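*Asks:*
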Amino acid sequence: MADFDTLRIRAGYNSADHNYAVNVPIYQTASFDLGSIDRAQSLWSMEEAAAIYTRVGNPTVDALEKRVAALDGAYAAVALASGMAAISYTILGLTVGGGNIVTTRALYGGSEDAFSHFLPKLGAEIKFVEDRFDIASFEKAIDENTRGIYIETISNPNAEIYDYEALSELAHSHGIPLIVDNTVATPYLFQPFSHGADIIVYSATKGLGGHGNTIAGLVLEKGDFVYSPEKFPHFYEDSYKIKDKAGNRRSVIDIDAKSPLIIYIRAFFLEFIGAALSPFDAFLILQGIDTISERVAKQSENAARIVDYLQTREEVAWVKHPTAKGSPFESLKDKYFKKGAGNLLTFGFKGTEEQLNTFFNNLKYFSYHVNIGDVRSLIVNSPKTTHAELDSKHLEDAGIAADTVRISAGLESAEDLINDLENAFNEAFSA
Ligand SMILES: Cc1ncc(COP(=O)(O)O)c(C=O)c1O
708 MADFDTLRIR
718 AGYNSADHNY
728 AVNVPIYQTA
738 SFDLGSIDRA
748 QSLWSMEEAA
758 AIYTRVGNPT
768 VDALEKRVAA
778 LDGAYAAVAL
788 ASGMAAISYT
798 ILGLTVGGGN
808 IVTTRALYGG
818 SEDAFSHFLP
828 KLGAEIKFVE
838 DRFDIASFEK
848 AIDENTRGIY
858 IETISNPNAE
868 IYDYEALSEL
878 AHSHGIPLIV
888 DNTVATPYLF
898 QPFSHGADII
908 VYSATKGLGG
918 HGNTIAGLVL
928 EKGDFVYSPE
938 KFPHFYEDSY
948 KIKDKAGNRR
958 SVIDIDAKSP
968 LIIYIRAFFL
978 EFIGAALSPF
988 DAFLILQGID
998 TISERVAKQS
1008 ENAARIVDYL
1018 QTREEVAWVK
1028 HPTAKGSPFE
1038 SLKDKYFKKG
1048 AGNLLTFGFK
1058 GTEEQLNTFF
1068 NNLKYFSYHV
1078 NIGDVRSLIV
1088 NSPKTTHAEL
1098 DSKHLEDAGI
1108 AADTVRISAG
1118 LESAEDLIND
1128 LENAFNEAFS
1138 A
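Number 812 in this note's numbering belongs to position 105 of the sequence shown; there are no gaps in the numbering.
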């Protein structure tokens, strides 16, 4: 198996299959010729895997799926039109017919909001653990209807990290998968499947694409989790949608027992709800992945330098990042994040609201907007923006204090970024 740096450029694409095009071509077409009646039957019965219609598959999108699958050592992947589609399809796909997912409040605001208010209306019950740093608390929340444990590997916004291997052991002892959102870490910093996860979801909008120009998502399955028919009966149901050539109904498990969730998402969610990734957007994410190692390594380094700087400022009440002095995550970082701890950090701003406004208004190199993982450095007041949906109790449970400022470190020079912060602090506190 080739190294990560080779796979991120080469995996999932053979130019000989695409007129020797060096770059993955953009197959900008809605539909594909079926060729012959016999071939059409093979495609419909899933005996032959090839593109039919871009809502459920496209060669450019396929190259992206194969590339990210290779980076994470996944058995299968499906790309979608956004990270939220990847998350919602995964939760709904595991809880068809009822069931719950056990999770924490330390999540991207959109996920927290969907989990608290929207997905339960569609039948997916979500149980939030009392203490996310205590495995016993997860165990307490699991019951016979639990269909998975869900966490973010590096949480948004406070960059918390967890004991993934312990969570995986717990999940497996209850016959359920560990699902992780690996968006902030990216496969460059962290390989969830090597530490017990079974399903990965990504917002590829962030570090995978890395240029803040495309919304995209992915779901990956490792391929060795055994879904029991008692907990996941919908994977075993013979469906009119999936027939063999003779017209006999089959289940997603019949098609491929190693990736029933991915097949379910393709056969039902993409088919009936959509959220298909466009070939052009898949191409843009592939372009981003070409440089993922250099980008994420430097962003992690820049974040660590900013953390060091912020910890010297008296206007800063606290700093949260696994590299911060006094971080409770130091030993987990040493165990799981040997290549760096990511670009996301938060700090507490000690001044008044007016001083915070002056601080933001005087930043030259930090853009004030709600994305992360971009080549540009970004800054935002999370409780009023990215996590504004959370009520005060949920904000407190998520550890998001009212003074929280979030930074996503970009690729500018660390010196320029630190000088920019220094100048803005001086302006805000000059009076
Ligand atoms: C950790 C995390 N997961 C998922 C999402 C949602 O992704 P998207 O915006 O691509 O739908 C985000 C967006 O900020 C995120 O930060």
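We treat Cβ as the ideally placed atom computed from N, Cα and C, and that holds for glycine.
Remember, it's a predicted structure, so these values are computed and weren't measured experimentally.
Using a Cβ-based criterion (distance less than 8 Å to any ligand heavy atom), does T1111 qualify as near ligand 1?
*Replies:* Checking every heavy atom of ligand 1 against the Cβ of T1111, none is found closer than 8 Å.
*Asks:* Per DSSP, what kind of secondary structure is N1064 in: helix, strand or coil?
*Replies:* Looking at N1064 - three-state DSSP - the assignment turns out to be helix.
*Asks:* Taking the straight line between their C-alpha atoms, what separation do you get for T810 and D820?
*Replies:* Going by the C-alpha atoms only, they are around 13 Å apart.
*Asks:* When the distance is taken between beta carbons, is E928 closer than 9 Å to D905?
*Replies:* Yes.
*Asks:* Is A911 near ligand 1, going by C-beta to nearest heavy atom under 8 Å?
*Replies:* Within the cutoff, so yes.
*Asks:* With H, G and I counted as helix, E and B as strand and the rest as coil, what does DSSP make of Y971?
*Replies:* Y971 falls in the helix class under three-state DSSP.
*Asks:* Leaving out the 5 sequence neighbours to the left and right, which residues in its chain are closer than 7 Å to G1080 when beta-carbon positions are compared?
*Replies:* Hits under 7 Å: K913, G914, G917, N1050 and S1115.
*Asks:* Taking the alpha-carbon positions, what's the L1039 to Y727 distance?
*Replies:* Each residue's alpha carbon lies about 45 Å from the other.
*Asks:* Short check: CB of A1031 to CB of Y895, under 9 Å?
*Replies:* Not closer than 9 Å, so no.
*Asks:* From what residue to what residue does the alpha helix (DSSP H) around S1137 run?
*Replies:* Element bounds for S1137: n/a, residue is neither H nor E.
*Asks:* Within 10 angstroms of its Cβ, does A756 collect 16 or more other Cβ (buried), or is it exposed?
*Replies:* Looking at its Cβ environment, which holds fewer than 16 other Cβ atoms inside 10 Å, A756 is exposed.
*Asks:* Relative to the C-alpha of I733, which candidate in A770, E754 and M753 has its C-alpha closest?
*Replies:* Comparing Cα positions, the closest option is A770.
*Asks:* Is A1024 helix, strand or coil when you go by DSSP?
*Replies:* Strand.
*Asks:* Output the distance between the C-alpha atoms of F1044 and T761, rounded to the nearest integer angstrom.
*Replies:* Those two C-alpha atoms are separated by around 37 Å.
*Asks:* With distance defined between alpha-carbon atoms, name the residue in L1070, A1011, F1067 and L1063 nearest to K1046.
*Replies:* Comparing Cα positions, the closest option is A1011.
*Asks:* Please state the DSSP three-state secondary structure of D1081.
*Replies:* Three-state result, D1081: coil.
*Asks:* Compute every distance between the C-beta of I849 and the non-hydrogen atoms of ligand 1, then say whether any falls below 8 Å.
*Replies:* Answer for I849: no, Cβ out of range of ligand 1.
*Asks:* Is the beta carbon of D712 sitting closer than 9 Å to the one on S1000?
*Replies:* Taking 9 Å as the Cβ cut-off, D712 and S1000 qualify as a contacting pair.
*Asks:* Give a single yes or no on whether E1096 has its beta carbon closer than 8 Å to a heavy atom of ligand 1.
*Replies:* Checking every heavy atom of ligand 1 against the Cβ of E1096, none is found closer than 8 Å.
*Asks:* Helix, strand or coil for A1111, going by three-state DSSP, please let me know.
*Replies:* The sequence shown places Thr at residue 1111, rather than the Ala named in the question. Note: T1111 maps to strand in three-state DSSP.
*Asks:* Decide yes or no for the touch test of the stretch 799-808 against the stretch 966-984: beta carbon pairs closer than 8 Å, at least 3 of them.
*Replies:* A contact exists between the stretch 799-808 and the stretch 966-984.
*Asks:* For P936, count the other beta carbons within 10 Å of its own beta carbon; 16 or more makes it buried, fewer makes it exposed. Which is it?
*Replies:* Classification of P936: exposed, given that the 10 Å Cβ count is below 16.
*Asks:* Specify the secondary structure class of L885 as computed by DSSP and reduced to three states.
*Replies:* It is a strand residue.
*Asks:* Determine the closest residue to L1118 out of N1078, F990, Q1006 and V1087, with distance taken between C-alpha atoms.
*Replies:* It is Q1006.
*Asks:* Look up T853 in the DSSP assignment and say whether it is helix, strand or coil.
*Replies:* The answer is strand: DSSP assigns T853 an E or B state.
*Asks:* Bridge partners of F822, per DSSP?
*Replies:* The partner list for F822 (beta bridge, DSSP) is empty, contrary to what the question assumes.
*Asks:* If you draw a straight line from the C-alpha of L885 to the C-alpha of V731, how long is it?
*Replies:* Spanning the two alpha carbons is a distance of roughly 32 Å.
*Asks:* Unbroken alpha helix (DSSP H) runs of length 4 or more, entirely within the stretch 992-1023: which are they?
*Replies:* Listed in chain order, the complete alpha helix (DSSP H) runs (minimum 4 residues) inside the stretch 992-1023 are 999-1017.
*Asks:* In chain order, what residues of the same chain have a beta carbon less than 8 Å from the beta carbon of A1121, not counting five sequence neighbours either side?
*Replies:* These residues qualify, in order along the chain: E1008, N1009, R1012 and I1013.
*Asks:* Helix, strand or coil: how does DSSP classify F932 here?
*Replies:* Of the three classes helix, strand and coil, the one that applies to F932 here is coil, per DSSP.
*Asks:* From the DSSP output, in three-state form, read off K1057 for me.
*Replies:* Here K1057 sits in coil by DSSP.
*Asks:* Could you tell me the boundaries of the beta strand (DSSP E) in which I906 lies?
*Replies:* Per DSSP, I906 belongs to the beta strand (DSSP E) from I906 to S910.
*Asks:* At the level of alpha carbons, what is the spacing between S862 and V887?
*Replies:* Going by the C-alpha atoms only, they are around 10 Å apart.
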